[in-house]
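A short write-up of the structure that comes next.
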């Protein structure tokens with residue numbers, strides 16, 4: 067004899083299934099995606115003003131937020147190895163090396179992190195900018211309202227230039243280009259001081275010829291002020307909202323950062339790429355935006371005869 071379930075039994079079963087799905091999704095977002103997943107997100111483009119014949123592979127590492135248990139040193143070593151496996155011409159570090167106190171169960175000393183950056187290998191080297199957490203983590207610099215912060219000192223001591231409103235002229239296969247980096251845009255925000263240290267005119271004043279410019283800016287908020295002289299702006303900071311579904315970051319909805327939450331953005335012919343980064347901040351959750359290394363392939367190879 068066929069016995070049909072009652073309405074209560076059906077609803078109870080559905081409720082249990084929903085709760086089970088929610089629990090498994092929460093476990094994945096809390097324990098799996100932020101700690102164990104790692105993807106390479108590729109972008110291939112020829113930015114405006116790019117030199118014909120100049121091809122460049124750039125690996126971008128953003129928002130490491132080193133700490134236990136979400137970003138231990140072993141995990142950073144894996145990221146370094148994965149970056150080297152991409153055979154980049156250039157490696158860029160986009161800031162926020164320490165973790166926020168809201169997610170760090172155990173703080174990892176920054177010297178131990180920066181020592182691992184020695185393992186990054188690329189013909190044109192590794193360059194860095196600072197992020198807001200590099201300031202917020204250095205109490206002495208915050209009190210004095212001036213740097214250099216600990217991250218800056220450690221990176222420079224290990225031979226990694228920190229481009230703090232500065233620019234360097236590099237050459238690949240005889241073709242020059244400029245790599246520029248801005249100071250952080252919200253270093254003193256916890257103190258109620260909205261002052262930005264980013265100086266676009268001062269930075270671009272260091273560019274002395276018409277070779278293309280790549281600009282590193284930790285926060286993407288400054289993008290509307292970036293002039294067309296810059297071929298491509300690279301940012302992190304948003305973590306893609308840390309939760310991203312159907313191309314939407316719920317945590318950023320309605321905020322000024324929604325426009326620049328994640329990915330390749332084109333406005334008025336200007337180009338911005340925002341990395342989803344690697345670590346976590348505020349809450350230790352990632353869902354739909356796994357930790358990523360961005361790999362840029364810029365320009366096209368010259369046609370063979």
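In this note's numbering, the protein residues as written are 67 to 371. Ideal Cβ positions, reconstructed from N, Cα and C, are used throughout, including at glycine. Remember, predicted model here, so these are calculated numbers, not experimental data.
Nearest by alpha-carbon distance to residue i: which of the options is it?
i, options, result
"residue 145", "130, 161, 196, 134", "130"
"residue 163", "364, 220, 334", "220"
"residue 204", "191, 192, 218", "218"
"residue 259", "306, 209, 160", "209"
"residue 253", "268, 284, 184, 277", "284"
"residue 235", "223, 276, 107, 201", "276"
"residue 200", "243, 107, 251", "251"
"residue 345", "160, 110, 109", "160"
"residue 135", "108, 196, 173", "173"
"residue 168", "348, 288, 357, 294", "348"
"residue 287", "108, 138, 338", "338"
"residue 166", "133, 150, 181, 226", "133"
"residue 243", "100, 121, 108, 103", "121"
"residue 94", "357, 273, 352", "352"
"residue 102", "306, 138, 211", "138"
For residue i, is the classification buried or exposed, using 16 other Cβ atoms within 10 angstroms of its Cβ as the cut-off for buried?
i, result
"residue 342", "buried"
"residue 369", "Unreliable positioning characterises residue 369 in this predicted model, as indicated by a pLDDT of 44, which lies under 50. A coordinate reading is not provided."
"residue 118", "exposed"
"residue 375", "The first residue shown for the chain is 67 and the last is 371, placing residue 375 beyond what the model contains."
"residue 333", "exposed"
"residue 213", "buried"
"residue 256", "exposed"
"residue 330", "exposed"
"residue 319", "exposed"
"residue 23", "Here the chain has residues from 67 to 371 only, and residue 23 is not among them."
"residue 195", "buried"
"residue 365", "buried"
"residue 336", "buried"
"residue 192", "buried"
Assuming residue i contacts residue j under a Cβ cut-off of 8 Å, what Cβ separation, rounded to an integer in Å, is found between them?
i, j, result
"residue 179", "residue 142", "6 Å"
"residue 359", "residue 97", "With 8 Å as the limit, residue 359 and residue 97 do not qualify as a contact, their Cβ atoms being about 21 Å apart."
"residue 323", "residue 355", "That belief does not hold up - the Cβ atoms of residue 323 and residue 355 are roughly 14 Å apart, past 8 Å."
"residue 316", "residue 297", "Not really, about 32 Å apart at Cβ, beyond 8 Å."
"residue 215", "residue 223", "At roughly 13 Å, the Cβ-Cβ gap does not stay under 8 Å, so residue 215 and residue 223 are not in contact."
"residue 105", "residue 362", "Not quite, the Cβ-Cβ distance comes to about 15 Å (not below 8 Å), so this is no contact."
"residue 233", "residue 273", "5 Å"
Which full runs of the alpha helix (DSSP H) of 4+ residues lie inside the stretch 167-194, going along the chain?
-> 176-182
Uninterrupted beta strand (DSSP E) stretches inside the stretch 230-301 (no shorter than 3 residues) = 232-238, 241-247, 279-282, 298-301
Please go through the stretch 104-160 and give each complete alpha helix (DSSP H) segment of 4 or more residues, from N-terminal end onward.
-> 139-151
Three or more C-beta pairs closer than 8 Å, one from the stretch 297-315 and one from the stretch 256-276: is that the case here?
-> no
Three or more beta-carbon pairs under 8 Å between the stretch 268-276 and the stretch 241-251, yes or no?
-> yes
Inspect the CB distances between the stretch 147-156 and the stretch 180-192 and report whether three or more fall short of 8 Å.
-> yes
Does the stretch 312-328 come close enough to the stretch 109-117 to have 3 or more Cβ pairs within less than 8 Å?
-> no
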